[in-house]
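Engineer: All letters in the sequence shown, in the order written, are residues 16 to 340 by the working numbering.
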Amino acid sequence: MDVDNRGSQVLFDGFTRKKFADRTVGSFAVFKDGIVPEWEDPENKKGGEWSVRKGVCTLGAQELDDFWEKLVLGAIGELIDPGNEVTGVRVLHKNKEGKKDSGNNYRYEVWLRGTDRAKADEIRAQTAEVVNSGGASSLVTYLSPCCYRNLLSPRRKALYALFAFGPGTLLGLYLYSVKRRMERDNESMRMEQVQEELAVVEEQQNKDMVLSDAIQELRDRLHRLESEVTTSRQSAAKASQSGSEKPAKAAPAASEKPKASRMEEALTLLKAKPLSKEQQQHASDPAWFTALSGVQERAKQSDKEMLKRDVAAFKADQKQREDAK
Numbered sequence: 016m017d018v019d020n021r022g023s024q025v026l027f028d029g030f031t032r033k034k035f036a037d038r039t040v041g042s043f044a045v046f047k048d049g050i051v052p053e054w055e056d057p058e059n060k061k062g063g064e065w066s067v068r069k070g071v072c073t074l075g076a077q078e079l080d081d082f083w084e085k086l087v088l089g090a091i092g093e094l095i096d097p098g099n100e101v102t103g104v105r106v107l108h109k110n111k112e113g114k115k116d117s118g119n120n121y122r123y124e125v126w127l128r129g130t131d132r133a134k135a136d137e138i139r140a141q142t143a144e145v146v147n148s149g150g151a152s153s154l155v156t157y158l159s160p161c162c163y164r165n166l167l168s169p170r171r172k173a174l175y176a177l178f179a180f181g182p183g184t185l186l187g188l189y190l191y192s193v194k195r196r197m198e199r200d201n202e203s204m205r206m207e208q209v210q211e212e213l214a215v216v217e218e219q220q221n222k223d224m225v226l227s228d229a230i231q232e233l234r235d236r237l238h239r240l241e242s243e244v245t246t247s248r249q250s251a252a253k254a255s256q257s258g259s260e261k262p263a264k265a266a267p268a269a270s271e272k273p274k275a276s277r278m279e280e281a282l283t284l285l286k287a288k289p290l291s292k293e294q295q296q297h298a299s300d301p302a303w304f305t306a307l308s309g310v311q312e313r314a315k316q317s318d319k320e321m322l323k324r325d326v327a328a329f330k331a332d333q334k335q336r337e338d339a340k
């Protein structure tokens, strides 16, 4: 049997036989092994109770002591309940505050396991028979109605729901909620990171396409410039050849004149004299053609340098993005 002491004992505990008049009691309970004397216990929460009130003003300490002894021994000896319906008995000190000197009043309770009305009535009759046995000075003829409805009030239900899980379960539920919240946050962060990475990849692809278009445009410009330079050189070569043939044809005409002056003779000598290599190079490569070729070469060189700068800037941007990752 589990014994629950609250405050000071008034009633004897069945062994030391401490009497009623010795001290003041808050409550005293005798329950079956493993059952807590609380309505929230699983063995008690669906049951009920029979109760009877007694006071020192109507009965002496010895009579109250005898009443409690009969109730305890009747429960232990299965005189009240031959089955397993009674979970325990309890006595409570029921004086109101401010009326401590008006006499001690006590309530005796028999706690039941279930709500079977037939069993409850049988236990009530057996209880009255046990406490009235042995020539009791005050017979018990009335026990308060078996109480079922208010055993688990909304407030008690809330308290039971709160403490039934225990601190460990409450902590586990809290940690589980924290874990779920962290998982949702991590999933959200992961989705944001994936979207950012996709945006970076898309931006990089767009830049690569723009750079590829720019490089292709530069190549087309270089091809056009090369074609123009080739055409210009061919035109200059043709002009040079036509200019060298005209003086050779004019020489025979001057020599056929019947009377040539000294000037004409000098011109004839100059024309007949072979040209040096420098003169031939000068004739085949006129000044205007050299200037044109220089301008084209500079334009071509400028385009190449611009292409190199664009490629270098692209590589530097790629390296900077890789370092940032």
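Built from N, CA and C at the ideal position, the CB exists for glycine as well. Just so you know, these numbers come straight off a predicted model, no measurement behind them.
What residues match up with Arg105 in a beta bridge as DSSP calls it?
Structural biologist: In the sequence shown, the residue the question calls residue 105 occupies position 90. DSSP output for Arg105 lists Ala44, Glu124 as bridge partner(s).
Engineer: Tell me where the alpha helix (DSSP H) around Glu137 begins and ends.
Structural biologist: Taking the sequence shown and counting its residues from 1, the one referred to as residue 137 is at position 122. Here the alpha helix (DSSP H) through Glu137 covers 132-146.
Engineer: Using beta-carbon positions only, say whether Ser42 and Val106 come within less than 9 Å of one another.
Structural biologist: Numbered from its first residue, the sequence shown carries residue 42 at position 27. Numbered from its first residue, the sequence shown carries residue 106 at position 91. Yes, these two residues count as a Cβ contact at 9 Å.
Engineer: Could you work out which residue in Gln316, Leu86, Lys109 is closest to Val101 when comparing CA atoms only?
Structural biologist: In the sequence shown, residue 101 corresponds to position 86, counting from 1. Minimum Cα distance to Val101 is reached at Leu86.
Engineer: Of all the options Gln335, Arg248, Arg68, Asp96, which has the alpha carbon lying nearest to the alpha carbon of His108?
Structural biologist: In the sequence shown, the residue the question calls residue 108 occupies position 93. If we check each option's Cα against that of His108, Arg68 comes out closest.
Engineer: By DSSP, does Trp65 sit in helix, in strand, or in coil?
Structural biologist: Translated into the one-based positions of the sequence shown, residue 65 becomes position 50. If DSSP states are grouped into helix, strand and coil, Trp65 belongs with the strands.
Engineer: Gln220 to Arg205, Cα distance in whole Å?
Structural biologist: Stepping through the sequence shown from its first residue, residue 220 is reached at position 205. Stepping through the sequence shown from its first residue, residue 205 is reached at position 190. So the alpha carbons of these two residues sit roughly 22 Å apart.
Engineer: Expressed to the nearest angstrom, what Euclidean distance is found between the alpha-carbon atoms of Ser247 and Lys253?
Structural biologist: As a first step, residue 247 must be located in the sequence shown, where it is residue number 232. As a first step, residue 253 must be located in the sequence shown, where it is residue number 238. Distance between the alpha carbons of Ser247 and Lys253 is about 10 Å.
Engineer: Could you round the C-beta distance between Lys315 and Leu237 to whole angstroms and report it? I think they count as a contact, below 8 Å.
Structural biologist: In the sequence shown, counting from the first residue as 1, residue 315 sits at position 300. In the sequence shown, counting from the first residue as 1, residue 237 sits at position 222. Rounded, the Cβ-Cβ distance is 7 Å, consistent with contact.
Engineer: Just to confirm my understanding: we take Phe329, look at its own chain, exclude 5 residues before and 5 after, and list those with CB closer than 7 Å. What are they?
Structural biologist: The residue given as residue 329 occupies position 314 in the sequence shown. Excluding positions up to five away in sequence, the list reads Leu226.
Engineer: How big is the Cα-Cα spacing for Ala339 and Leu213?
Structural biologist: By one-based count along the sequence shown, residue 339 stands at place 324. By one-based count along the sequence shown, residue 213 stands at place 198. Taking the straight line joining both Cα atoms gives about 16 Å.
Engineer: I'd like the span of the alpha helix (DSSP H) that includes Asp96, first residue to last.
Structural biologist: The residue labelled residue 96 in the question sits at position 81 within the sequence shown. Run containing Asp96: none; DSSP gives neither H nor E here.
Engineer: Measure the alpha-carbon distance for Arg370 versus Arg199 and round it to whole angstroms.
Structural biologist: Residue numbering for the chain in the displayed model covers 16 to 340; residue 370 lies beyond these limits and cannot be assessed.
Engineer: Excluding the 5 residues flanking Gly129 on each side, which residues of the same chain have their C-beta closer than 6 Å to its C-beta?
Structural biologist: Counted from its first residue, the sequence shown places residue 129 at position 114. If we look at Gly129 and ignore the five residues flanking it on each side, its Cβ neighbours are Gly62.
Engineer: So, is Thr142 buried or exposed, given that buried needs 16 or more other C-beta atoms within 10 angstroms?
Structural biologist: The residue given as residue 142 occupies position 127 in the sequence shown. Its Cβ being crowded by 16 or more others within 10 Å, Thr142 is buried.
Engineer: Tell me the rounded alpha-carbon separation between Glu137 and Gly187.
Structural biologist: The residue given as residue 137 occupies position 122 in the sequence shown. The residue given as residue 187 occupies position 172 in the sequence shown. If you take the alpha carbons of Glu137 and Gly187, they lie about 45 Å apart.
Engineer: Classify Glu144: buried if its beta carbon has 16 or more other beta carbons within 10 angstroms, exposed otherwise.
Structural biologist: Working through the sequence shown from its first residue, we reach residue 144 at position 129. Glu144 is exposed by the Cβ-count criterion.
Engineer: Distance, Cα to Cα, Arg196 vs Val215?
Structural biologist: Here residue 196 refers to the residue found at position 181 of the sequence shown. Here residue 215 refers to the residue found at position 200 of the sequence shown. Rounded to the nearest angstrom, the two C-alpha atoms are 29 Å apart.
Engineer: Give the straight-line distance between the Cα atoms of Lys134 and Lys194, rounded to the nearest whole angstrom.
Structural biologist: Along the sequence shown, read from residue 1 onward, the residue named residue 134 stands at position 119. Along the sequence shown, read from residue 1 onward, the residue named residue 194 stands at position 179. Their backbone Cα atoms lie some 50 Å apart in a straight line.
Engineer: Would you report the Cα separation of Asn201 and Gln208, rounded to the nearest angstrom?
Structural biologist: Residue 201 sits at position 186 when you count from the first residue of the sequence shown. Residue 208 sits at position 193 when you count from the first residue of the sequence shown. So the two alpha carbons sit approximately 10 Å from each other.
Engineer: Compute the Euclidean distance between the alpha carbons of Ala229 and Gln333, then round it to the nearest angstrom.
Structural biologist: If you number the sequence shown from 1, residue 229 lands on position 214. If you number the sequence shown from 1, residue 333 lands on position 318. When rounded, the distance between both Cα atoms is 17 Å.
Engineer: Among Asn59, Gly75, Asn120, which residue has its Cα nearest to the Cα of Val104?
Structural biologist: Residue mapping note: residue 104 aligns to position 89 of the sequence shown, counting from 1. Residue Asn59 is the option with its Cα nearest to Val104.
Engineer: So, Val146 versus Phe46, is the Cβ gap smaller than 9 Å?
Structural biologist: By one-based count along the sequence shown, residue 146 stands at place 131. By one-based count along the sequence shown, residue 46 stands at place 31. Not closer than 9 Å, so no.
Engineer: Within 10 Å of its beta-carbon, does Val125 have 16 or more other beta-carbons around it, so buried, or fewer, so exposed?
Structural biologist: Stepping through the sequence shown from its first residue, residue 125 is reached at position 110. Under this definition Val125 is a buried residue.
Engineer: Compute the distance between the beta-carbons of Trp65 and Leu127, then report whether it is under 9 Å.
Structural biologist: On the sequence shown, residue 65 is found 50 positions in, with the first residue counted as 1. On the sequence shown, residue 127 is found 112 positions in, with the first residue counted as 1. Yes, these two residues count as a Cβ contact at 9 Å.
Engineer: Along the alpha helix (DSSP H) that carries Glu55, what are the first and last residues, could you check?
Structural biologist: Within the sequence shown, residue 55 is the residue found at index 40, counting from 1. Taken as a continuous stretch (DSSP letters only), Glu55 belongs to no alpha helix (DSSP H), as it is neither H nor E.
Engineer: Would you report the Cα separation of Tyr189 and Asp56, rounded to the nearest angstrom?
Structural biologist: As a first step, residue 189 must be located in the sequence shown, where it is residue number 174. As a first step, residue 56 must be located in the sequence shown, where it is residue number 41. Between Tyr189 and Asp56, the C-alpha separation is close to 24 Å.
Engineer: Please report how far the alpha carbon of Glu78 lies from the alpha carbon of Asp131, in whole angstroms.
Structural biologist: Along the sequence shown, one-based indexing puts residue 78 at 63. Along the sequence shown, one-based indexing puts residue 131 at 116. Between Glu78 and Asp131, the C-alpha separation is close to 32 Å.
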